[in-house]
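S.K.: Residue numbers (the working numbering): -15 to 376. Heads up, the beta-carbon is just placed ideally off N, CA and C, and yes, glycines get one too. No experiment lies behind these values; they were computed from the predicted model shown. To start, I am sharing the structure in question, which I have written as structure tokens.
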Ligand SMILES: [Mg+2]
């Protein structure tokens, strides 16, 4: 091609594709069946053969693209119910994103917090998170990029998972640890009973001395009992940390727990936002911060919490709330971009009968980070609609 032939190409204006805008937002409450019973320190999450309550968010654009978001409703863990999540999405968040480009994520987050203001820390983060995931799925589809690249880009191609051990008799927890023989880190749930919990820890360590143990009390300890538990498990090298020993509101109790042990203390239910991280760091009330996409109103909220934690010398752990395939994919994209102390604990594959997605490569405790645009998965919409909760 000579110069003369090339010029018309240079002169031709770039044909900009019309910007795709959000046309509709649907919140679909659904029951997701559990394959095994899940008990934590605050009580029962779900029973084998029964179902947990979830909300799926389907966002469609004018050009026919469809993005999906998901959140669990677990009011025994945090206050949002399946009813409140659906009404929050339908009445407050859908009007904000409708008619806008899915690429306006910062504006969405600002508007979400103006309409539903975080009183102290977060306001309706689970509902906001479901909409954030769905619109980020669309943002990835529009730009042709996987979600991890919108979050800075993955630093690993697979994400190894920690597995949760539901509260049970010590022997049963040891059996479960033996059964999952490829898993290298267990999140061992404890119940606030120092003697029984210490037996649980020793049984699992005896069964799988090759693994790391991440303890999670889910707020079940009270001060004197906690001191007895810490004393009873002193010097077990596999135990790496203790998560949320005391109630979420008791930050002074977290500080007291730290003063009684050299074991790192992690905060989960007591920390939803970067502002919480800043206050906890100033109080020296924790060593580690547990991230969850849902409690930080989406992946960008988690990144803010992570940045404040790191800048204050606090370590990061990644976790979830027994999400199905959509929430799992969102967490895997995020955690593939981060340095975490232990493998993230995302337990949907362990506890749910089906993840209701295709294209997500999960091999027991190893998930391949999707590279297709958006979440990079295909959602089984039929399964979601077949399990719809009527009347919500
Ligand atoms: Mg936890």
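Give the DSSP-derived three-state secondary structure of residue 353 in the structure shown.
M.R.: Coil.
S.K.: Could you spell out the range, first to last residue, of the alpha helix (DSSP H) harbouring residue 94?
M.R.: Unbroken alpha helix (DSSP H) run through residue 94: 89 to 99.
S.K.: Between residue 230 and residue 205, how many whole angstroms is the CB-CB distance? I'm expecting something under 8 Å.
M.R.: Going by Cβ atoms, the distance from residue 230 to residue 205 rounds to 6 Å, so yes, they are a contact pair.
S.K.: Measure how close the beta-carbons of residue 148 and residue 334 come, nearest whole angstrom, since I'm counting them as under 8 Å.
M.R.: Correct: roughly 7 Å between the Cβ atoms.
S.K.: Count the other C-beta atoms from every protein chain shown that fall within 10 angstroms of the C-beta of residue 228, then say buried if there are 16 or more, exposed otherwise.
M.R.: The residue is buried, with at least 16 neighbouring Cβ atoms inside 10 Å.
S.K.: Would you say residue 277 and residue 314 are within 8 Å of each other, going by their C-beta atoms?
M.R.: Yes, Cβ-Cβ distance for residue 277 and residue 314 is below 8 Å.
S.K.: Does the Cβ of residue 119 have 16 or more other Cβ atoms within 10 Å, making it buried, or fewer, making it exposed?
M.R.: Residue 119 should be labelled buried.
S.K.: Would residue 293 be called buried (16 or more neighbouring beta carbons within 10 Å of its own) or exposed?
M.R.: Its Cβ being crowded by 16 or more others within 10 Å, residue 293 is buried.
S.K.: For residue 135 versus residue 321, is the C-beta distance shorter than 8 Å?
M.R.: Cβ atoms of residue 135 and residue 321: closer than 8 Å.
S.K.: Specify which residues have a beta carbon nearer than 7 Å to any heavy atom of ligand 1, listing them in chain order.
M.R.: Spelled out in chain order, the answer is 200, 202, 227, 228, 252, 253, 274, 303.
S.K.: Going along the chain, which residues of its own chain have a beta-carbon closer than 6 Å to the beta-carbon of residue 90, five neighbours each way excluded?
M.R.: Taken in chain order, the list of residues that qualify is empty.
S.K.: As an exercise, report each continuous beta strand (DSSP E) stretch of at least 3 residues that is fully enclosed by the stretch 160 to 206, in chain order.
M.R.: Listed in chain order, the complete beta strand (DSSP E) runs (minimum 3 residues) inside the stretch 160 to 206 are 169 to 173, 196 to 200.
S.K.: What are the start and end residues of the beta strand (DSSP E) that includes residue 37?
M.R.: 35 to 45 is the span of the beta strand (DSSP E), which, as asked, contains residue 37.
S.K.: Measuring alpha carbon to alpha carbon, tell me which of 45, 337, 220 ends up nearest residue 83.
M.R.: Checking every option, the nearest Cα to that of residue 83 belongs to 45.
S.K.: What residue from 80, 156, 253 has the CA that sits closest to residue 303's CA?
M.R.: Comparing Cα-Cα distances from residue 303 to each of 80, 156, 253, the minimum goes to 253.
S.K.: With 16 as the cutoff for other CB atoms within 10 Å, does residue 141 come out buried or exposed?
M.R.: Residue 141 comes out exposed.
S.K.: Taking the beta strand (DSSP E) that residue 315 falls in, what are its first and last residues?
M.R.: That residue, residue 315, is in no beta strand (DSSP E); its alpha helix (DSSP H) goes 309 to 319.
S.K.: Among 155, 54, 99, 162, whose alpha-carbon lies nearest the alpha-carbon of residue 110?
M.R.: The candidate whose alpha carbon is nearest that of residue 110 is 54.
S.K.: According to DSSP, is residue 361 part of a helix, a strand, or is it coil?
M.R.: Correct three-state label for residue 361: coil.
S.K.: Could you check how far apart the C-beta atoms of residue 52 and residue 39 are, in whole angstroms? I think they sit under 8 Å.
M.R.: Not quite, the Cβ-Cβ distance comes to about 11 Å (not below 8 Å), so this is no contact.
S.K.: What's the C-alpha gap between residue 76 and residue 286?
M.R.: Near 22 Å, if we compare the C-alpha coordinates of residue 286 and residue 76.
S.K.: Assuming residue 207 contacts residue 240 under a Cβ cut-off of 8 Å, what Cβ separation, rounded to an integer in Å, is found between them?
M.R.: Confirmed, about 6 Å.
S.K.: For residue 57, does the three-state DSSP call read helix, strand or coil?
M.R.: If DSSP states are grouped into helix, strand and coil, residue 57 belongs with coil.
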